[in-house]
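Protein chains in written order, with the working numbering: chain L, 1040 to 1234; chain R, 29 to 233.
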Amino acid sequence: MKRSLLYLLLGLGAALLLRESNQLYLFPAALLLLTLIDPRAWRIFRRWKLWLFFFFVVAIPVLFVGTRDALWLTIPYNSRMLALNLVMVQRSIIIMLAIRMFTNRLSPEALSRGLARLRLQQFDEVFGLARTMLPELQETVGAELKGVEWRKALRRPSGLIAQLGALVARILFTARGGAVRNITDGSDHSAGIPR
Amino acid sequence: MQETASAKGSAHEEQVIIALFGALWGLMEITLGTLLKGTRLPFSGAILACLAAVIALTGRSFVQRRGAILMMGGVAALIKIFSVGTVIAGPFFAILIEAAIAESLVLAFGLGRTGCLLAGAGMTTYTVFHPLLTQGLFFGGRIYEVYWATARQVGEWLGLEVVHLALFIALYLGAHALTGALAGWFAWAVARVARMELEKLERSA
């Protein structure tokens, strides 16, 4: 975890230091280092939408905005903007790889422990309780929402408010009952959800 | 002694309610969220934020503890991450930031109609800024210069001025804020009905 954090900081540092003057050696060096640490991080670049976004961010302003002072295959373009936009995209590639590399090594459990360490009181207990409730809650709420006549409800929201209010009250009533029982008999977390 | 037991009971009851509404929020994110992202519907982020506002604000009205929405958001974000099986920073932070916005607005304006309207509006309007913030983080401030230059160039071609662009942005943000405020009002109304129904249930028990 500490090593991953160090790599992340190195990646972010390289991205912040990237300039037009040092891009020729800093960018390949950062890519090489991040690839050696975690080649799986490259998977984020499989998304074609990301490449399309890069293309639009670089090409559109370069071709249409400001003074077009250079030519490429007879197409006029803004050379200053091209240089700046390329550095920007290189910087984003390093940051994306560094963050991906970090999150690849971060398990949801570690993240949960991290949140519990924040000043949110008993977060781990609350999260454990929520995970216990989830399957039953999914079943109950799913069944209840299937019963709602949505067209009618959207025409008359007061009916929907009453229906949802009653559902929330029933769920709360049962969950509170479960909580009180847990306190009085000292049993472990569980909260029955009404069907 | 009795007071300690009562305080303990109340604290545990609050934990149960936070867990319940956090789980509901997470459930909505992993079911409807996945569906909406899959269908690539426009404004899916705003739709999810509206529903999240309804769940979080309804839940918050039954818990007196500060930071309750933040905890619900934490639960929802973790449920989303666990459902994917890997940590995806974007949605994780989006949920946490939405929760933080709602929590701070509720702390500032209370849980009355105004507080709920503002919290709903804040959560939903944030969905407009989230991609901009993420892009700012990845690309740096330069991306905003690129957007600004492109917008001015397009405006020049279409014969539009900066004031028209400002109007469009204001309308776009206003539509989001209005929808979010409606979600906040809906949450306030649902919570009010739920409180009355709960009283009836407790009397009959």
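Every residue gets a Cβ at the ideal spot worked out from N, C-alpha and C, and that includes glycine.
Check whether residue i and residue j have beta carbons under 8 Å apart
i: A1053 (chain L); j: R1139 (chain L); result: no
i: V1128 (chain L); j: T178 (chain R); result: no
i: A105 (chain R); j: I123 (chain R); result: yes
i: L55 (chain R); j: L76 (chain R); result: no
i: P1115 (chain L); j: V174 (chain R); result: no
i: V1126 (chain L); j: L1057 (chain L); result: yes
i: G208 (chain R); j: T152 (chain R); result: yes
i: N1117 (chain L); j: V1096 (chain L); result: no
i: L1173 (chain L); j: I107 (chain R); result: yes
i: L1073 (chain L); j: G1050 (chain L); result: yes
i: G212 (chain R); j: A147 (chain R); result: yes
i: A1169 (chain L); j: E225 (chain R); result: no
i: I109 (chain R); j: F121 (chain R); result: no
i: L135 (chain R); j: R94 (chain R); result: yes
Contacts that residue i makes with chain L (C-beta to C-beta distance below 7 Å)
i: L226 (chain R); result: A1208, L1211, F1212
i: T86 (chain R); result: V1207
i: A122 (chain R); result: Those do not exist, as A122 (chain R) stays about 15 Å from chain L at its closest Cβ, beyond 7 Å.
i: A217 (chain R); result: I1200
i: V103 (chain R); result: V1165, F1166, A1169
Residue i: contacting residues in chain R (beta-carbon distance under 7 Å)
i: P1100 (chain L); result: V174, A177, T178
i: N1124 (chain L); result: V174
i: Q1177 (chain L); result: L55
i: G1204 (chain L); result: V218, V221, A222, E225
i: S1151 (chain L); result: L106
Residue from the options with nearest C-alpha to residue i
i: R223 (chain R); options: R:L201, R:W176, R:T62, R:S89; result: R:S89
i: R220 (chain R); options: R:Y175, R:A74, R:G140; result: R:G140
i: L79 (chain R); options: R:L64, R:F166, R:Q92; result: R:L64
i: W1189 (chain L); options: L:L1176, L:L1203, L:E1178, L:T1179; result: L:L1203
i: A217 (chain R); options: R:E57, R:G73, R:F49, R:T86; result: R:T86
i: L1070 (chain L); options: L:W1090, L:Y1046, L:E1059; result: L:Y1046
i: P1196 (chain L); options: R:S72, R:V190, R:L210; result: R:L210
i: I125 (chain R); options: R:A81, R:G168, R:G138; result: R:A81
i: P1078 (chain L); options: L:L1136, L:L1193, L:S1146; result: L:L1136
i: I58 (chain R); options: R:S111, R:L201, R:A233; result: R:S111
For residue j and residue i, the rounded distance between their alpha carbons
i: R180 (chain R); j: G164 (chain R); result: 19 Å
i: A205 (chain R); j: A149 (chain R); result: 4 Å
i: F214 (chain R); j: V44 (chain R); result: 23 Å
i: K228 (chain R); j: L52 (chain R); result: 24 Å
i: L1063 (chain L); j: F157 (chain R); result: 33 Å
i: V103 (chain R); j: G66 (chain R); result: 23 Å
i: L1048 (chain L); j: I1134 (chain L); result: 10 Å
i: I83 (chain R); j: N1143 (chain L); result: 31 Å
i: I46 (chain R); j: L98 (chain R); result: 10 Å
i: E184 (chain R); j: L193 (chain R); result: 11 Å
i: I1222 (chain L); j: M100 (chain R); result: At I1222 (chain L), the pLDDT of 46 sits below 50, so the modelled position is not reliable; the number obtained from the coordinates is stated separately. The alpha-carbon atoms of I1222 (chain L) and M100 (chain R) are separated by roughly 22 Å.
i: P1067 (chain L); j: R1209 (chain L); result: 60 Å
i: L1102 (chain L); j: A198 (chain R); result: 29 Å
i: L1075 (chain L); j: V182 (chain R); result: 43 Å
i: E230 (chain R); j: G1216 (chain L); result: 10 Å
i: A1214 (chain L); j: P159 (chain R); result: 37 Å
i: R1130 (chain L); j: F166 (chain R); result: 7 Å
i: F1212 (chain L); j: A74 (chain R); result: 31 Å
i: R1085 (chain L); j: L1091 (chain L); result: 11 Å
i: W1087 (chain L); j: R68 (chain R); result: 15 Å
i: L1193 (chain L); j: R1119 (chain L); result: 54 Å
i: L1121 (chain L); j: F1094 (chain L); result: 11 Å
i: F49 (chain R); j: R1082 (chain L); result: 34 Å
Contacts of residue i in chain L (Cβ-Cβ under 8 Å)
i: I75 (chain R); result: Those do not exist, as I75 (chain R) stays about 14 Å from chain L at its closest Cβ, beyond 8 Å.
i: V156 (chain R); result: Within 8 Å Cβ-Cβ: nothing; V156 (chain R) doesn't reach chain L, min ~18 Å.
i: F214 (chain R); result: P1196, I1200
i: L229 (chain R); result: A1208, R1209, F1212
Amino acids of chain R, ordered along the chain, whose beta-carbon sits closer than 8 Å to that of residue i
i: M1135 (chain L); result: F166
i: V1180 (chain L); result: L52, L55
i: A1201 (chain L); result: V221
i: V1187 (chain L); result: Neighbours of V1187 (chain L) on chain R: none; closest Cβ ~13 Å, over 8 Å.
Chain-ordered chain R contacts of residue i [CB-CB under 9 Å]
i: G1037 (chain L); result: A question about residue 1037 (chain L) goes unanswered here, because the residues of chain L that appear run from 1040 up to 1234.
i: R1130 (chain L); result: F166, F167, G168, R170
Partner residues on chain L for residue i, Cβ-Cβ distance less than 9 Å
i: V91 (chain R); result: Per Cβ cutoff of 9 Å: no residues; V91 (chain R) is ~11 Å from chain L at best.
Distance cut-off 7 Å: residue i Cβ against heavy atoms of the ligand MN
i: L160 (chain R); result: This structure does not include the ligand MN; it has no bound ligands of any sort.
Inset, instruction - List in chain order: all unbroken alpha helix (DSSP H) runs of 4+ residues lying wholly within the segment 142-207 of chain R. - result: Listed in chain order, the complete alpha helix (DSSP H) runs (minimum 4 residues) inside the segment 142-207 of chain R are 170-186.
Inset, instruction - Return the chain-ordered ranges of every alpha helix (DSSP H) run that is complete within the segment 1064-1139 of chain L and spans a minimum of 4 residues. - result: Every alpha helix (DSSP H) of 4 residues or more that sits fully in the segment 1064-1139 of chain L is shown, in chain order, as 1087-1103.
Legend entry - Every unbroken alpha helix (DSSP H) within the segment 53-89 of chain R, with a cutoff of 4 residues, ordered by chain: Whole alpha helix (DSSP H) segments, 4+ residues: 62-67, 72-88.
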